[in-house]
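Peer 1: Counting from 21, one number per residue, gives the positions in the sequence shown under the working numbering.
For each residue, glycine too, the CB sits at the ideal point set by N, CA and C.
As the structure is a computational prediction, the values presented were derived from the model and not from experiment.
Starting off with a structure, shown below.
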Amino acid sequence: MMTDPRVTLAPAVMWIALIAMPTCAYAMQSLEVLHWWTSSGEQQSAAVLKERLADRNLLWVDYPVRGGGGDSAMAVLKARVIDRSPPGAAQIIGPDIQHWAQLGFLSPLHHAQLDDTSLFYPVVNELIRVQGQTVAIPLSIHRINWMWLNPSVFERLDIPLPTTWSQLESSAPVLRAAGIIPLAHGNEPWQNATLFEIVLLSQAGASFYRQYFIDRDESALTDPSVVAAFEQLRTLKTLMDPHINQREWQQASRLVADGEAAVQIMGDWVKGEFSAWGLVPGEDYLCLPVPGTNEQHLYSIDTFVMFLDEPNAVPMPTFIDTLLSPDLQRDFSLAKGTIPARKDLPVTAVDDCSRASHHVFGQASQSGMLAPSIAHSMAMSPESEDAVFEIVHRFFNDERMTPELAAIQLAQTLRALK
Ligand code: GAL
């Protein structure tokens, strides 16, 4: 009696299958990563990292903490470290990296490319090294002083694209008559601080911005351009709709994408959001530098650190290698709306927004005209940042607070924190 060959072969097939089981099932290492990328565009970008790491047998165990700008993520991270349960890696950005490293929490990162300072811009090198030791991996660079516009709104209503503040303000009555919000915004402290720092940059330029926020020169702290910036912030609020409270930045972006709002002033993570929604740059949306900031680059740099812990020693080379690899940095930047942190990569396959950001960053980096974002942790301790947020957020929400008083209080705070 002929037996079914499939029956007699079955045990052999099973053995072969077991032996041939991809070794990655056993060799797969994992790394828990805390970050705050939870919007569509941010998740799409994080997915690029996860996929490339998985291709190299490193499983990114996601630990996302919702909240634009990362304040909530940093609060959760501190709680976990105090509880002696840090993640394997975390998105920590700006001088806060120095703080965490000096407290002894961060793994020194050993990697030939990471130690090659010629691969990175000076401001990147400054951020990722502490006392000569590299402690952070630079991923990409955002430009924050952008306006995002829905071109069909301007075309349909025959309104010129705004290249000055007065053009933006004078378009408001026509937009409102058509039922369109002139300026989409979310009334959160970090969003208000982002808008304020952009307006100050526009009013007074990058060198004043640094004299004011970084050097805190007495002449800068009392300069009338700060009052003018608060006045402009209050004017911009008149272009917004009444539903701004607790609106997340990506919800404001959605209003622009859907033609319910004309403009959003925000960093180019908005571009990542638009690309996640399938929008085409130059057709479905436009980017324009905020008036008066064409040659300025208000930046934030996304970096990752690894926490001291034996198991991290194993995934470390793979994690660093992958995040620094040219194709990852290029593909991640396309998804996130950024430019790569590595300066040795050719500017390829990018749209006008990223091309402009790359050009201006390169120029400004040479001429010392870069402006480190306060709202995005590029220039102050978290405590100083919170103090700035508090005053700007209170001014934004309390019409009784005069621009003069806000400028005095902000100067007092910056003086005290010097
Ligand atoms: C920034 C961060 C960006 C972006 C933004 C909004 O601080 O660097 O990657 O995601 O927050 O959440």
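Could you please give the first and the last residue of the uninterrupted alpha helix (DSSP H) stretch that includes SER190?
Peer 2: The residue you call residue 190 lines up with position 170 of the sequence shown. Element bounds for SER190: 185 to 197.
Peer 1: Could you check the C-alpha separation between ALA235 and GLU424 for me, to the nearest Å?
Peer 2: Along the sequence shown, read from residue 1 onward, the residue named residue 235 stands at position 215. Along the sequence shown, read from residue 1 onward, the residue named residue 424 stands at position 404. Looking at the sequence provided, one finds Asp at residue 235 rather than Ala. Each residue's Cα considered, the two are about 21 angstroms apart.
Peer 1: Taking only the alpha-carbon atoms, compute the straight-line gap between LEU203 and PRO180 and give it to the nearest angstrom.
Peer 2: As a working mapping, residue 203 is identified with position 183 in the sequence shown. As a working mapping, residue 180 is identified with position 160 in the sequence shown. So the two alpha carbons sit approximately 15 angstroms from each other.
Peer 1: By how many angstroms is the C-alpha of GLU410 removed from the C-alpha of GLN429?
Peer 2: Working through the sequence shown from its first residue, we reach residue 429 at position 409. Working through the sequence shown from its first residue, we reach residue 410 at position 390. Each residue's alpha carbon lies about 10 angstroms from the other.
Peer 1: Hey, how far is the Cα of ALA18 from the Cα of THR184?
Peer 2: Residue 18 is absent from the structure shown; the chain starts at 21 and stops at 438.
Peer 1: What residue range is occupied by the uninterrupted alpha helix (DSSP H) comprising ASP75?
Peer 2: Locating residue 75 in the sequence shown gives position 55, counting from the first residue. Per DSSP, ASP75 belongs to the alpha helix (DSSP H) from 60 to 75.
Peer 1: Run the proximity test for TRP166: is its beta-carbon closer than 7 angstroms to any non-hydrogen atom belonging to the ligand GAL?
Peer 2: Sequence index remark: in the sequence shown, residue 166 carries index 146 (1-based). Checking every heavy atom of the ligand GAL against the Cβ of TRP166, none is found closer than 7 angstroms.
Peer 1: Got a sec? Which residues, its chain only, sit under 6 angstroms from GLN252 by beta carbon, not counting five neighbours each side?
Peer 2: Translated into positions along the sequence shown, residue 252 becomes position 232. Within the same chain, GLN252 has close Cβ partners VAL219.
Peer 1: Would you kindly check if the distance between the Cβ of SER222 and the Cβ of GLY88 is under 8 angstroms?
Peer 2: Position 68 of the sequence shown, counted from the start, is the residue given in the question as residue 88. Position 202 of the sequence shown, counted from the start, is the residue given in the question as residue 222. Their beta carbons are not under 8 angstroms apart, which means GLY88 does not touch SER222 by this criterion.
Peer 1: Compare the Cα-Cα distances from ASP406 to each of PHE415, LYS98, ALA213 and report the closest residue.
Peer 2: As a first step, residue 406 is located in the sequence shown; it is residue number 386 there, counting from the start. That would be ALA213, whose Cα lies nearest to the Cα of ASP406.
Peer 1: Within 10 angstroms of the Cβ of ASN265, are there 16 or more other Cβ atoms? Answer buried if so, exposed if not.
Peer 2: For the purposes of this step, residue 265 is identified with residue 245 of the sequence shown, where counting begins at 1. ASN265 comes out exposed.
Peer 1: Under three-state DSSP, which class holds PHE327?
Peer 2: Numbered from its first residue, the sequence shown carries residue 327 at position 307. It is a strand residue.
Peer 1: Should ASP322 be listed as close to the ligand GAL, given that the test is whether its C-beta is under 7 angstroms from any heavy atom?
Peer 2: As a working mapping, residue 322 is identified with position 302 in the sequence shown. True, at least one ligand heavy atom lies under 7 angstroms from that Cβ.
Peer 1: Using a Cβ-Cβ cutoff of less than 8 angstroms, which residues in the same chain neighbour ASP116 once the five nearest sequence positions on both sides are dropped?
Peer 2: Start at 1 with the first residue of the sequence shown, and residue 116 comes out as number 96. Hits under 8 angstroms: MET94, SER397, SER401, PRO402.
Peer 1: At a threshold of 7 angstroms, does HIS317 count as lining the ligand GAL (C-beta to nearest heavy atom)?
Peer 2: On the sequence shown, position 297 is the one that residue 317 refers to. Not under cutoff, so the answer is no.
Peer 1: Could you give the DSSP three-state label for PHE339: helix, strand or coil?
Peer 2: Your numbering for residue 339 matches position 319 in the sequence shown. Reduced to three states, the DSSP call for PHE339 is helix.
Peer 1: Helix, strand or coil: how does DSSP classify PRO42 here?
Peer 2: The residue given as residue 42 occupies position 22 in the sequence shown. Model confidence at PRO42 stands at a pLDDT of 47, short of 50, so the residue's coordinates are unreliable; what they give is reported in the following sentence. Of the three classes helix, strand and coil, the one that applies to PRO42 here is coil, per DSSP.
Peer 1: What's the C-alpha gap between THR242 and ALA427?
Peer 2: Residue 242 sits at position 222 when you count from the first residue of the sequence shown. Residue 427 sits at position 407 when you count from the first residue of the sequence shown. About 8 angstroms.
Peer 1: Exposed or buried, which one is MET48 when buried takes at least 16 other CB atoms within 10 Å?
Peer 2: As a position in the sequence shown, residue 48 is number 28, starting the count at 1. Burial call: exposed.
Peer 1: Output needed for LEU306: all residues of its chain with C-beta closer than 6 angstroms, excluding positions within five of it in sequence on either side, in chain order.
Peer 2: Locating residue 306 in the sequence shown gives position 286, where the first residue counts as 1. So the list reads LEU169, PRO171, once near-sequence residues are dropped.
Peer 1: Using beta carbons (cut-off 8 angstroms, strictly below), is THR214 in contact with chain D?
Peer 2: Absent from the structure is chain D; it holds one protein chain and no more.
Peer 1: According to DSSP, is ASP55 helix, strand or coil?
Peer 2: What you label residue 55 is simply residue 35 of the sequence shown in a count that begins at 1. Per the sequence shown, the amino acid found at residue 55 is His instead of Asp. Three-state DSSP puts HIS55 in a strand.
Peer 1: If I'm right that GLY292 touches GLU146 with Cβ under 8 angstroms, what's the distance once you round it to whole angstroms?
Peer 2: As a first step, residue 292 is located in the sequence shown; it is residue number 272 there, counting from the start. As a first step, residue 146 is located in the sequence shown; it is residue number 126 there, counting from the start. So it is not a contact: roughly 25 angstroms between Cβ atoms.
Peer 1: Checking 8 angstroms against the spacing of the C-beta atoms, do SER346 and LEU365 come in under that value?
Peer 2: The residue you call residue 346 lines up with position 326 of the sequence shown. The residue you call residue 365 lines up with position 345 of the sequence shown. Reading off the sequence, residue 346 comes out as Pro, not Ser. In contact: PRO346 and LEU365 (Cβ atoms closer than 8 angstroms).
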